[in-house]
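Engineer: Counted from 1, the sequence shown has number 58 at position 59 by numbering that gives the first Met the number 0; the numbering is strictly sequential. Glycine included, C-beta positions come from ideal geometry on N, C-alpha and C. All values reported here derive from a predicted model rather than from experimental measurement. Mind looking over this structure? Questions follow.
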Amino acid sequence: MAVPLAQRAAQLAPKERAMLEAVGWPMELLEDPLKAPRNVENPQKFAEALLLEDHLEEVVILPDGLRRVGLSAEEALPSWLTKAMAEGSVLKCLRRLGPQELSEHKAALEFPDDRGVQREALPRPYPFCLWHGEGLAHSSMPEAWRDLQQRLSAAEALLERGELEESQLYACEMRRLRERTANAAAEAYGVTESTKSLCLRHGRDWLAHLAKWTLYWNCYDDGVFIGGRGSGKGLHVDQVLWSNLGKHWRGHKILVTWPAGAESARLVRDMGDAHFRAPLGKEQLEALKCARCIALLRPGDLFLCSGGVAHATLSVSDELTCTGYESLVAMHPRLVEHVLQTGTASGPCALNKGVMECDELKELREGMLQRLTALLQEKAPKTSELKSDGLGESVALPAVRLKKHLAEAAKQMAFDPSFAVLAKGAGVCRLLAASDRILEELEPSQKRRRTGG
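Here it is as structure tokens:
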């Protein structure tokens, strides 16, 4: 009898079992099929989960997916980074980088303190961090205090004072300090905006024109995360309640997610930034018991999860882990409803920390509104399926479902107070009219499908 995919996701190879037993987490939680991620067989199923389905409280994994969609480490990461990651710790990896890489990139270097709470290795404030003795350390540009060289120096100082254990250091959101030209893969389908990403290819480049059927997709300042065994990201909810497309290039890492809404808000309030490195305390164990999903990410996995729910990660392999994320807002009604709650001061999704600044949130909403308006005004091809035309294996999604999600998203945003203010009265009317028009156009095709005509 074939093993169900959800059950297969919870099964462990002998080496993986030994690796996880050494972590110190209860194995019954790690192997609980009710907390297992959803594995899919091919890029087609993954694209459906990404753009058509409600994945708010799921972790969806396509094993070996990075190779199948043209995003392997050799294709998507710069060679200087893949070579440096051959070292056994984040500190050793950063020490191997040249002056140019250190000065042109930035990352937050995080680690758990004695209380098990996430802490960051910070340099001295600008401009004092630029001075060593009687002269400038290197660049005197204002952003230089944020570069990898300054962060590495801060981590080295903590290590020397005995405040940091080398294996616990986690490099978060690694990206360029300054913009560069767009990737060739993005230019192939008309995206020419500059980027701060260090990735040479993105998941958006696989879906290409299909990726426009979202309200937001960030390839501008997406980050790469690198960690050694025992390092990871503490419990948090992203600053916007969006989805994350994950690319796990190397090592093994545990990803934990919790139920959306009130439970996530409670955990952030009571355990915000709590790390899950062993030995686990009573509060951490209780939190893991109520987790929605506990997933083991393996090298080459393409995965999908929500950043709008409480989540945490822990690297568990001896080799360094490397993961990249692209934030996006798909148009399934539940996902749109969830992202519209970003920044709320009351209600089940209200967060007491980590929310995007008001000006940035307004800019994000304006961008989403512009993207939605452009999609509504665009004449979609008169075909039953819309196909990807980018990297890797091709996929095709039913045009009717994409258009229906678009119409529903327009109505949801028109009735949302924050977006209604941005769109103004006439804009709200246009959104509702466009939504009604699309639904009316779809009604005959839906009737034909029901009658077999």
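#1: Looking only at DSSP bridge pairs, what is residue 242 linked to?
#2: Which partner residues of residue 111 appear in the DSSP bridge assignment?
#3: My understanding is that residue 239 touches residue 338, with C-beta atoms under 8 angstroms, so please give their C-beta distance in whole angstroms.
#4: From residue 430 to residue 205, what does the alpha carbon distance come to, in whole angstroms?
#5: Can you tell me whether residue 207 is helix, strand or coil according to DSSP?
#6: Please classify residue 414 as buried or exposed, where buried requires at least 16 neighbouring CB atoms within 10 angstroms.
#7: Could you tell me the alpha carbon to alpha carbon distance between residue 268 and residue 167, rounded to whole angstroms?
#8: Name the two residues that bound the continuous alpha helix (DSSP H) containing residue 312.
#9: Could you give the distance in angstroms between the alpha-carbon of residue 11 and the alpha-carbon of residue 90?
#10: How would you label residue 442, buried or exposed, when you count the other beta carbons within 10 angstroms and need 16 or more for buried?
#11: Within 10 angstroms of the Cβ of residue 25, are there 16 or more other Cβ atoms? Answer buried if so, exposed if not.
#12: Counting C-beta neighbours from all protein chains within 10 Å, is the total for residue 347 16 or more, i.e. buried, or is it exposed?
#13: Would you mind stating whether residue 175 and residue 86 have Cβ atoms separated by less than 8 angstroms?
#14: From residue 433 to residue 212, what distance separates their C-alpha atoms?
#15: Excluding five sequence neighbours on each side, which residues of the same chain lie with their C-beta closer than 6 angstroms to the C-beta of residue 100?
#16: CA-CA distance, residue 183 and residue 286?
#17: Taking the beta strand (DSSP E) that residue 397 falls in, what are its first and last residues?
#18: Around the C-beta of residue 33, are 16 or more other C-beta atoms found within 10 angstroms, so that it is buried, or is it exposed?
#19: Determine whether the beta carbon atoms of residue 244 and residue 96 lie at a separation below 8 angstroms.
#20: Give me the Cβ distance between residue 194 and residue 210, rounded to the nearest whole Å; I'm assuming they're in contact under 8 angstroms.
#21: Determine which residues share a DSSP beta bridge with residue 437 and list them.
#22: Pull up the distance between the alpha-carbon of residue 160 and that of residue 54, whole angstroms please.
#23: Considering residue 82, what are the terminal residues of the alpha helix (DSSP H) in which it resides?
#24: State the beta-bridge partners of residue 273 as determined by DSSP.
#25: Does residue 412 come out as helix, strand or coil in the three-state DSSP assignment?
#26: Would you give the residue range spanned by the beta strand (DSSP E) that residue 173 belongs to?
#27: Smallest Cα separation from residue 306: which of 281, 258, 314, 274?
#28: Just to confirm my understanding: we take residue 384, look at its own chain, exclude 5 residues before and 5 after, and list those with CB closer than 7 angstroms. What are they?
#29: Entirely within the segment 32-66 and at least 4 residues each: give me those alpha helix (DSSP H) ranges in chain order.
#30: In the structure shown, what three-state DSSP assignment does residue 105 receive?
#31: Pull up the distance between the alpha-carbon of residue 439 and that of residue 428, whole angstroms please.
#32: On the three-pair Cβ rule with 8 angstroms, is the segment 365-376 touching the segment 271-286?
#33: Just mark residue 277 as buried or exposed, buried being the case when its beta carbon has 16 or more other beta carbons within 10 Å.
#34: By Cβ distance below 8 angstroms, which residues in the same chain neighbour residue 178 in space, the five residues on each side in sequence not counted?
#35: Along the chain, where does the beta strand (DSSP E) containing residue 255 start, and where does it finish?
#36: Could you tell me which whole alpha helix (DSSP H) segments of length 4 or greater appear in the segment 338-383?
Structural biologist: So, from the data block:
#1: In the sequence shown, residue 242 corresponds to position 243, counting from 1. Note: residue 242 sits in a beta bridge opposite 305, 327.
#2: In the sequence shown, residue 111 corresponds to position 112, counting from 1. Beta-bridge pairing links residue 111 to 117.
#3: Residue numbering aside, residue 239 sits at position 240 when the sequence shown is read from its first letter. Residue numbering aside, residue 338 sits at position 339 when the sequence shown is read from its first letter. Between residue 338 and residue 239 the Cβ distance is about 7 angstroms, and since that is below 8 angstroms, they are a contact.
#4: Reading the sequence shown from its first residue, position 431 is the one you call residue 430. Reading the sequence shown from its first residue, position 206 is the one you call residue 205. Rounded to the nearest angstrom, the two C-alpha atoms are 30 angstroms apart.
#5: Against the sequence shown, residue 207 aligns to sequence position 208. Reduced to three states, the DSSP call for residue 207 is helix.
#6: As a first step, residue 414 is located in the sequence shown; it is residue number 415 there, counting from the start. Residue 414 should be labelled exposed.
#7: Position 269 of the sequence shown, counted from the start, is the residue given in the question as residue 268. Position 168 of the sequence shown, counted from the start, is the residue given in the question as residue 167. When only Cα atoms are considered, residue 268 and residue 167 end up about 24 angstroms apart.
#8: Counting from one through the sequence shown, the residue named residue 312 turns up at place 313. Counting along the chain, residue 312 falls outside any alpha helix (DSSP H), though it belongs to the beta strand (DSSP E) covering 310-314.
#9: Taking the first residue of the sequence shown as position 1, residue 11 is located at position 12. Taking the first residue of the sequence shown as position 1, residue 90 is located at position 91. Answer to the nearest angstrom: the Cα atoms are 30 angstroms apart.
#10: Locating residue 442 in the sequence shown gives position 443, where the first residue counts as 1. It counts as exposed.
#11: Here residue 25 refers to the residue found at position 26 when the sequence shown is read from its first residue. Under this definition residue 25 is an exposed residue.
#12: Start at 1 with the first residue of the sequence shown, and residue 347 comes out as number 348. By the 10 Å Cβ count, residue 347 comes out exposed.
#13: Sequence index remark: in the sequence shown, residue 175 carries index 176 (1-based). Sequence index remark: in the sequence shown, residue 86 carries index 87 (1-based). Taking 8 angstroms as the Cβ cut-off, residue 175 and residue 86 do not qualify as a contacting pair.
#14: Working through the sequence shown from its first residue, we reach residue 433 at position 434. Working through the sequence shown from its first residue, we reach residue 212 at position 213. Each residue's Cα considered, the two are about 16 angstroms apart.
#15: Counted from its first residue, the sequence shown places residue 100 at position 101. When the five nearest sequence neighbours on each side are left out, the beta carbons in the same chain lying within less than 6 angstroms of the beta carbon of residue 100 are those of 79, in order along the chain.
#16: Your numbering for residue 183 matches position 184 in the sequence shown. Your numbering for residue 286 matches position 287 in the sequence shown. Cα to Cα, the separation comes out at about 44 angstroms.
#17: Mapped onto the sequence shown, residue 397 falls at position 398. Per DSSP, residue 397 is one residue of the beta strand (DSSP E) stretching across 395-397.
#18: By 1-based counting over the sequence shown, the position of residue 33 is 34. By the neighbour-count rule (16 or more Cβ atoms within 10 Å), residue 33 is not buried but exposed.
#19: The sequence position of residue 244 within the sequence shown is 245, counting from 1. The sequence position of residue 96 within the sequence shown is 97, counting from 1. For residue 244 and residue 96, no; Cβs fall outside 8 angstroms.
#20: Taking the first residue of the sequence shown as position 1, residue 194 is located at position 195. Taking the first residue of the sequence shown as position 1, residue 210 is located at position 211. Actually they do not touch by this definition, with Cβ atoms about 15 angstroms apart.
#21: If you number the sequence shown from 1, residue 437 lands on position 438. Per DSSP, residue 437 has no beta bridge partner at all.
#22: Residue numbering aside, residue 160 sits at position 161 when the sequence shown is read from its first letter. Residue numbering aside, residue 54 sits at position 55 when the sequence shown is read from its first letter. Taking the straight line joining both Cα atoms gives about 44 angstroms.
#23: Working through the sequence shown from its first residue, we reach residue 82 at position 83. For residue 82, the uninterrupted alpha helix (DSSP H) run begins and ends at 78-83, by DSSP.
#24: The residue given as residue 273 occupies position 274 in the sequence shown. Beta-bridge analysis with DSSP links residue 273 to 116.
#25: Locating residue 412 in the sequence shown gives position 413, counting from the first residue. Looking at residue 412 - three-state DSSP - the assignment turns out to be helix.
#26: Numbered from 1 along the sequence shown, position 174 holds the residue referred to as residue 173. Looking at the DSSP string, the run of the beta strand (DSSP E) that includes residue 173 is 169-175.
#27: Indexing the sequence shown from 1 puts residue 306 at position 307. From the listed residues 281, 258, 314, 274, the smallest Cα separation to residue 306 is found for 258.
#28: Indexing the sequence shown from 1 puts residue 384 at position 385. So the list reads 395, 396, 397, 398, once near-sequence residues are dropped.
#29: If you keep only unbroken alpha helix (DSSP H) runs of at least 4 residues inside the segment 32-66, you get 42-50.
#30: Here residue 105 corresponds to residue number 106 of the sequence shown, with the count starting at 1. Shown here, residue 105 sits in a strand according to DSSP, grouped into three states.
#31: Position 440 of the sequence shown, counting from 1, holds the residue named residue 439. Position 429 of the sequence shown, counting from 1, holds the residue named residue 428. Roughly 16 angstroms between the two C-alpha positions.
#32: As far as the Cβ criterion goes, the segment 365-376 does not touch the segment 271-286, which means the pair count is below three.
#33: Indexing the sequence shown from 1 puts residue 277 at position 278. Result: exposed.
#34: By 1-based counting over the sequence shown, the position of residue 178 is 179. Its chain contains 193, 194, 195 as the residues whose beta carbon lies nearer than 8 angstroms to that of residue 178, once the 5 sequence neighbours on both sides are disregarded; these appear in chain order.
#35: Counting from one through the sequence shown, the residue named residue 255 turns up at place 256. According to the DSSP assignment, residue 255 belongs to the beta strand (DSSP E) that extends over 252-256.
#36: Those alpha helix (DSSP H) runs which fall completely within the segment 338-383 and span 4+ residues are 357-376.
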